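Line by line, the protein sequences are chains A and B.
Residue numbering for the first sequence is 607 to 726, as defined by the working numbering.
Residue numbering for the second sequence is 225 to 561, as defined by the working numbering.
The beta-carbon is built from N, C-alpha and C at its ideal position, and this holds for glycine as well.
This one's a predicted model, so the numbers in the text were calculated from it and none came from an experiment.
Inspection log for the structure reproduced underneath, given as structure tokens.
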Amino acid sequence: MITCPIFFCAYIKAMAKIKYIEHNGKEHIVEVQNGLTVMEGAVQNDIPGIDADCGGSMSCATCHVYVKEDWYDKLPKKDMGEDDMLDQAYEPNSNSRLSCQIMVSDDLDGLTVHMPEKQV
Amino acid sequence: MIKTDVVIVGAGPTGLFCAHQLGIIGLKCEIVDNLDKIGGQCIELYPDKPIYDIPAVPECTGEELTNNLLEQIKPFNFKFHLNDRVQELKKENDNWIVKTTNGKEFHAPNVVIAGGVGSFEPRKFPTKSAEKFDGTSVLYSIKDKTIFKDKSVAIFGGGDSALDWAIELSNTSKVSLIHRREEFRGAPASVQKIKELSQRNIINLFTKYSIKDVKGNGSLEEVEIKSEEGESKTIKADYVLGFFGLIMQLGPISEWGLNLDKKVIPVNTENFETNKKGIFAIGDICTYPGKLKLILSGFHEGALAARGCFKYARPNEKYRFEFTTASNTIKDRLGVK
């Protein structure tokens with residue numbers, strides 16, 4: 607909840623809690639604003655393990671994460687090209703996603719993503 | 225040995241525009257890039273994707289932007305050294321001695337690093353055991369295809385490189401093609417051809433498998449592959465080829481004694497010089513408070529770095545600021561009346 611300084615009213619900035627788990631098991635839970643991507647949530651909060659070299663244009667596969675089945679099926683489906691890019695990721699599997707392609711919304715509150723051992 | 229005023233490392237948009245600014249103020253430069261073509265990420269990552277935030281250009285693709293920048297620096301006739309990588313930087317008196325992988329040597333008072341996020345290199349197998357055979361029987365590009373004649377070759381990947389080589393080498397070698405999923409991203413005609421060759425048992429096709437291990441005493445003998453369910457298979461292989469696209473690595477830049485903040489180089493915002501005198505960093509590879517990783521920021525950084533270079537390239541001259549609209553000297557340099 608944030609108070610607007612001009613109208614003295616309160617408004618809610620919609621956020622979702624996202625849990626990022628590094629390959630070594632270290633957890634980071636952050637609130638990410640709706641409309642940002644899971645990749646941006648990590649980069650803006652200085653969470654290690656997501657490089658995002660290309661800045662989110664789905665051109666590099668360095669924001670690769672694993673999403674376990676319970677959440678994987680709830681995510682918006684992969685766009686054309688995401689799997690092609692994932693072919694070029696480090697150790698992709700059927701739980702792999704590019705975090706720059708996962709847009710944060712209320713539905714994703716509580717999402718957990720696991721980072722691979724490395725991105726490059 | 226080539227003497228010049230500035231060596232630019234990286235032929236992406238930032239490096240190209242910096243070259244333009246150097247030309248405008250009357251300095252010479254040589255441009256080195258690891259890729260075989262000019263344009264950096266614009267060409268390698270998104271040649272066809274539209275860019276919407278180049279000032280005064282509402283929309284253009286990475287390729288168009290590169291071509292326009294090249295057109296803009298044409299009058300200066302600067303030399304490009306492609307397929308080559310700056311390996312070593314050493315200070316000698318007032319000059320930097322710049323050595324490349326292909327054995328070229330430049331002497332220049334200035335080096336401008338416009339290296340993006342580093343150099344593009346093939347993504348390698350994650351398996352530790354593959355390192356032992358790297359460059360001999362585990363390969364990521366093909367220079368001489370005759371070495372595979374009558375040999376067993378295991379090819380990993382699902383893009384055009386993997387498919388094209390699988391088809392080509394199946395004429396003279398025993399080819400296995402391994403890919404992590406059922407779908408291939410290569411051209412539909414190649415995918416069709418692969419399926420046909422697999423049906424005729426000319427190619428052994430393994431989908432939903434990835435590499436687990438490579439084995440061999442002295443020379444490579446076999447490669448073990450695994451499915452996601454944990455099932456393993458062993459394939460006889462004299463060579464293992466991996467085609468997983470390119471990744472960006474900082475590479476030798478990290479060994480030049482520059483201050484580094486993770487993968488980027490801190491600079492001052494007056495002339496984008498690093499902690500080393502005469503070494504500048506511009507574009508995605510530099511960082512400072514408020515840094516935006518935009519092409520337009522790279523242009524600004526390149527323009528100021530070029531002026532920074534002037535000081536060391538012409539220590540006895542005073543830099544005079546001039547507009548391209550008004551200066552006859554600049555018009556001469558551009559070859560316009």
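Per DSSP, which one or two residues make a beta bridge with residue i?
i: valine 230 of chain B; result: B:Cys253, B:Asn334
i: lysine 672 of chain A; result: Sequence check: residue 672 of chain A is tyrosine here, not lysine. Answer is A:Ser702, A:His720.
i: asparagine 428 of chain B; result: B:Ser400
i: proline 346 of chain B; result: B:Leu470
i: glutamate 709 of chain A; result: Here residue 709 of chain A turns out to be methionine, not glutamate, going by the sequence shown. Looking at the DSSP assignment, methionine 709 of chain A forms a beta bridge with A:Thr643.
i: lysine 303 of chain B; result: B:Glu254
i: valine 281 of chain B; result: B:Ile278
i: glutamate 329 of chain B; result: B:Lys323
Note down, in chain order, each residue of its chain lying with its Cβ closer than 6 Å to the Cβ of residue i, except the 5 sequence neighbours on either side.
i: lysine 323 of chain B; result: Gln311, Glu312, Glu329
i: serine 400 of chain B; result: Ala378, Asn428, Ile459
i: lysine 252 of chain B; result: Thr228, Asp229
i: glycine 263 of chain B; result: Thr290
i: valine 415 of chain B; result: Phe408
i: serine 711 of chain A; result: Asn640
i: isoleucine 248 of chain B; result: Ile554
i: glycine 342 of chain B; result: Met472, Gln473, Leu474, Gly475
i: proline 333 of chain B; result: Asp318, Asn319, Gly502, Tyr536, Ala537
i: proline 299 of chain B; result: Leu558, Gly559
i: tyrosine 270 of chain B; result: Gly286
Which residues mark the beginning and the end of the beta strand (DSSP E) in which residue i is found?
i: glutamine 311 of chain B; result: 310-316
i: methionine 621 of chain A; result: 621-627
i: valine 636 of chain A; result: 633-639
i: threonine 324 of chain B; result: 319-324
For residue i, I'd like the list of residues in its chain whose CB is within less than 8 Å of its CB, leaving aside the five on either flank, ordered along the chain.
i: lysine 542 of chain B; result: none
i: lysine 625 of chain A; result: Glu633, His634, Ile635, Gly716, Leu717, Thr718, Val719
i: proline 682 of chain A; result: Ile708, Met709
i: aspartate 308 of chain B; result: Val256, Asp257, Asn258, Thr324, Thr325, Asn326, Lys328
i: aspartate 260 of chain B; result: Leu306, Asn307
i: asparagine 278 of chain B; result: The identity of residue 278 of chain B in the sequence shown is isoleucine, whereas the question assumes asparagine. Cys284, Leu289, Ile519, Leu520.
i: leucine 470 of chain B; result: Glu268, Phe344, Glu345, Pro346, Arg347
The alpha helix (DSSP H) with residue i in it runs from where to where?
i: serine 353 of chain B; result: Taken as a continuous stretch (DSSP letters only), serine 353 of chain B belongs to no alpha helix (DSSP H), as it is neither H nor E.
i: valine 644 of chain A; result: 644-650
i: tyrosine 270 of chain B; result: Run containing tyrosine 270 of chain B: none; DSSP gives neither H nor E here.
i: tyrosine 536 of chain B; result: 519-537
i: serine 434 of chain B; result: Per DSSP, serine 434 of chain B belongs to no alpha helix (DSSP H); it is in the beta strand (DSSP E), 433-439.
i: phenylalanine 241 of chain B; result: 237-248
i: lysine 419 of chain B; result: 412-423
i: leucine 289 of chain B; result: 286-297
i: lysine 555 of chain B; result: 552-558
i: glutamate 688 of chain A; result: 688-692
To which residues of the same chain is residue i closer than 7 Å at the C-beta, ignoring the five residues directly before and after it?
i: glutamine 296 of chain B; result: His244
i: alanine 529 of chain B; result: Cys242, Val336, Asn495, Phe496, Phe504, Ile506
i: aspartate 437 of chain B; result: Thr351, Ser353, Glu448
i: isoleucine 426 of chain B; result: Ser394
*beta strand (DSSP E) runs contained entirely in the segment 444-512 of chain B, provided each spans 3 or more residues*: 446-451, 456-460, 463-466, 470-473, 503-505
*asked:* Which residues of the segment 684-706 of chain A have a Cβ closer than 7 Å to any Cβ of chain B? Give them in chain order.
replied: Asp689, Asp690, Asp693, Gln694, Tyr696, Glu697, Pro698, Asn699, Ser700
*Residues, ordered as in the chain, of the segment 450-481 of chain B that lie near chain A by beta-carbon distance below 7 Å*: Glu452, Phe468, Gly469, Ile471, Met472, Gln473
*Contact list for the segment 500-529 of chain B against chain A, Cβ threshold 7 Å*: Lys517
*Could you name the residues of the segment 349-362 of chain B whose beta carbon sits closer than 8 Å to any beta carbon of chain A, in the order they occur along the chain?*
Pro350
*Using a beta-carbon distance cut-off of less than 8 Å, what residues from the segment 388-407 of chain B approach chain A?*
His403, Arg404, Arg405, Glu407
*May I have a chain-ordered list of the beta strand (DSSP E) segments no shorter than 3 residues that lie completely inside the segment 355-384 of chain B?*
376-380
_the segment 319-349 of chain B: positions lying closer than 8 Å to chain A by Cβ_ = Val341, Arg347
*Compile a chain-ordered list of the residues in the segment 273-291 of chain B whose CB is closer than 8 Å to at least one CB of chain A.*
Correct list: Lys273.
*What are the residues of the segment 637-665 of chain A that lie near chain B, defined by any Cβ-Cβ distance shorter than 7 Å?*
Asp659, Cys660, Gly661, Ser663, Ser665
*asked:* By the 7 Å beta-carbon criterion, what residues does the segment 408-438 of chain B contribute toward chain A?
replied: Arg409
_Short-range partners of chain A found in the segment 376-388 of chain B, where Cβ spacing is below 8 Å_ = Result list: Gly381, Gly382, Gly383.
*asked:* Short of 9 Å Cβ to Cβ, which residues in the segment 237-269 of chain B face chain A?
replied: Gln265, Glu268, Leu269
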